[in-house]
Every structure is written in structure tokens, then in C-alpha cells.
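> Sharing a structure with you now.
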Ligand code: ATP
Ligand code: MG
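Residue numbers (full-length UniProt numbering): 1 to 402.
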């Protein structure tokens, strides 16, 4: 098989100095993980490239999974040959022939990465182009808008011939920026916040608050499916399911209605922070977007954030809802998030939550009862599930509901 390799170009990690090795090791691990079902593949790398040898595997089914690996700038299916002029010319000819070239135009774009190679790129272009022209019919050169652009990269160890670059997911390899806890609700926003955090190299664990019997098993399943939908980007994810009913009932009883939302968020944040400490993570991620709802005004964030000094990452803070929905659609979480099951906050949402809550007031309301022991109890009773693997495509999920 002529195209027996995939050539992978690293993105931003190329600039990472001393951490480079760690970045590349993680990237390789993530690539192997996502392609684990393709058992014929073998892997190798040089300083700035990663190569997959296909050993007979059709490259087509590898394209979609590879597009999900953060840290890849671009990749191409490639034909590999020795860095020797006659071999390069012959492989180039075969490569162009495989593109059904009759009546088409072409161009050769050679790059001499190995500066000791005797021909420079201009001479390479000329020699290879001439060999192709002499040995084919009805093929013309067009250097501006060619139908076929054959790229030839001559490196020390081998030469690689490619036609098309697939754009990679960019970002940083998952797991290179440290660990953070994602608060995942089942809504549209938080899965997108999780995806964007993974894109910046974070390793995530998920925390979900669950209030049976006010919320049912299908609401929990929704969160499991959303978490699964994020696993292709990073591998296994720990999902912590926190029983939240007692705390929510106590909030309803003790706190004036327009402050229940503020208090709920403060309790969630404290519990997440306790789980974070146990799991040795360094930050908390939420799907908040400034001004989207009452709990996401600056005054609300100020009142809620008081309970912890742990960094809270809010990747969506400046995004509009439509921008968030666009991302949710591309990562196939939108369909799952749109399932009609209520989460614990939706059910307890007061008719008129305070948009400008005051720290002094909420502290006073919360001081009349012992929330602390309930928070500890909730953490103790938290269930942890390891989520691995992908689920079926989104449309099947929706059909299931009909
Ligand atoms: P989302 O679409 O993520 O539910 P939202 O716009 O509905 O967000 P809120 O309900 O105010 O906003 O929630 C703000 C953030 O608080 C969520 O993005 C999420 O990070 C966290 N959160 C809310 N409810 C839960 C829950 N039941 N479990 C875990 N985290 C939650
Ligand atoms: Mg929500």
C-alpha cells in the first residue's frame, strides 16, 4: 500500500522548552489511547513529528478520532520512501497516478528539511515535476491553483509525500496542565466548559449534585452520558455523584426564598472543594457565563465565591449562549443536554432569585443551622463512577426518547 503512514505535526507544544518531553509523552499516550482499537498500527517519533505506520490499516477511519486529540496541529496520510532521488521520483509518480490525474493540473511543493540533501527545494520541485510530466498523459503544471498539490518533505530518515492536511484540534495535550474538578449539571453550558478545559490540557474529574426523589435516574444517566461524551479527549473520567437532597431541603426551610439560589450554589461549591482536596486537584471549573441567569451576575459570583479561595475557572464567562450552543453541537453534547429531565437546581429555582445578593445577609441566613456536618455527610456518601468509552451518536439518543 502506497499511503502507509500518518504524519502528525505538533501544535503549541513545540514552543514549550523544558516541559516539551512531558508534553510529547502525554500526546503520544493520548493518540495511542484514542486509536487503541486499531491493533495493526505501530508508532514512532522524531523531535517535532509523530508517525503512525498503518501496516495495512485503511487510514480513513483514523481521521475522525485523530481530530479529537488536543496538541495536534495537523496531520496527513503519507507515502514514505527512502531519502534518495530516484526513490522519491518514483514514489511521487505513483502517488500522483493514484489521484486519477487525467486532465488535471498539478504542482510539486518540496521542502528540504535535511539541509545535507544534495538538491534544494527548487531543484527538487523541478526534478520531481519533470519526472511526473514525462511519465503521464494529459497532466499540466499549474503553480497557482493546482488540482493536485503534491507535497514532498525530505528528511534525514525518510521522505514523506502527502496531498492533504487534516486540521487538528490544536490546544495542549490533555493531562499536561494539572487536575481540576468540573461541576457538571446536565445543562448545555457545563459540558462545553469541560471540553474547553480539556483543550487547554487540564485533566478533569466531574462532580454532579443529585437530589432524589426530586430528580430521577434518567437525570443521572444524562450526566453519565455527558461525561462519556468528553472521554475521547482524555480517556477515563472520575464522576462523583453527590447526594444533595437533605441540604436542599434544609436550604428551602432556613433561607428566605430569594436567597435559596445563592445558598445552594455556596453549598455546592464547598462540597466540590472538599472533593477537590481529596482528589488532589487544584481548581474548580463551572459553566457560568456572565449575566446569563440570576446566579451568574457579578454580585452573585461575589457572594457565592466567598466560600472558597480555590481558583474557579469559568471558560464560558464572556461567551454568548449561541456561541456556547455552537460548540455543544460540534462536540455532540447538545442533544444529550436537551433531554427534558430536570436537574436539582431547576426544580428548586425560586420564582425571583436575588440578582444582587449580599454577603452579610447570606452569611446570617446560613448561620442559624449547622450546614457543616451535612456537607461532610454529603461528601462521605458521594458515589464515584469511572467513566470510559464513547456512546452512540447523538441522533440515536434522541430517537431513544421518541
Ligand atoms: P448549565 O447549562 O451548565 O447547567 P446554567 O446556565 O444552567 O449552566 P446554572 O444552573 O446557574 O447555569 O449553573 C451554573 C453552573 O453551576 C453550571 O454551569 C455548573 O457548572 C454548576 N452546576 C449547576 N447545577 C449543578 C449540578 N446539579 N451539579 C453540578 N454542577 C452544577
Ligand atoms: Mg443548569
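Where is the CB? At the ideal position from N, CA and C, for every residue including glycine.
#1: Could you give the distance in angstroms between the alpha-carbon of residue 374 and the alpha-carbon of residue 247?
#2: Any chance the region 260-276 sits against the region 363-382, with 3 or more Cβ pairs inside 8 Å?
#3: State the Cα-Cα distance for the pair residue 133 and residue 96, rounded to the nearest angstrom.
#4: What residue range does the alpha helix (DSSP H) around residue 268 cover?
#5: Sorted by chain position, which residues of the same chain lie with C-beta nearer than 8 Å to residue 192's C-beta, five sequence neighbours on each side aside?
#6: Do residue 260 and residue 300 count as a contact pair if the criterion is CB distance below 8 Å?
#7: Nearest-angstrom Cα distance between residue 185 and residue 291?
#8: Label residue 392 either buried or exposed according to how many other C-beta atoms from any shown protein chain fall within 10 Å of its C-beta, with 16 as the threshold for buried.
#9: Under 8 Å by Cβ, that's how I've got residue 68 and residue 34 pegged, so tell me the actual separation to the nearest angstrom.
#10: Can you name, in chain order, every residue of its own chain whose Cβ lies under 6 Å from the Cβ of residue 372, other than the five neighbours on each side?
#11: If you measure between the beta carbons of residue 245 and residue 295, is that distance less than 8 Å?
#12: Per the contact definition of three or more C-beta pairs closer than 8 Å, is the region 107-115 in contact with the region 70-78?
#13: Quick check on residue 242: does DSSP put it in helix, strand or coil?
#14: Using DSSP's beta-bridge definition, name the partner residues of residue 78.
#15: Sorry if obvious, but does the Cβ on residue 248 come closer than 7 Å to a heavy atom of the ligand ATP?
#16: Can you tell which of 39, 183 and 120 has the C-alpha that lies nearest to the C-alpha of residue 414?
#17: How would you call residue 59, buried or exposed, if buried means at least 16 neighbouring beta carbons within 10 angstroms?
To lay it out plainly:
#1: 7 Å
#2: yes
#3: 10 Å
#4: 260-278
#5: 287, 315, 316, 324, 327, 328, 331 and 333
#6: no
#7: 18 Å
#8: Note that residue 392 scores a pLDDT of 41, beneath 50, so its modelled location is shaky; the value from the coordinates is reported in the next line. Residue 392 is exposed by the Cβ-count criterion.
#9: 6 Å
#10: none
#11: no
#12: no
#13: strand
#14: 5 and 162
#15: no
#16: With the chain running from 1 to 402 in the structure shown, residue 414 is simply not present.
#17: buried
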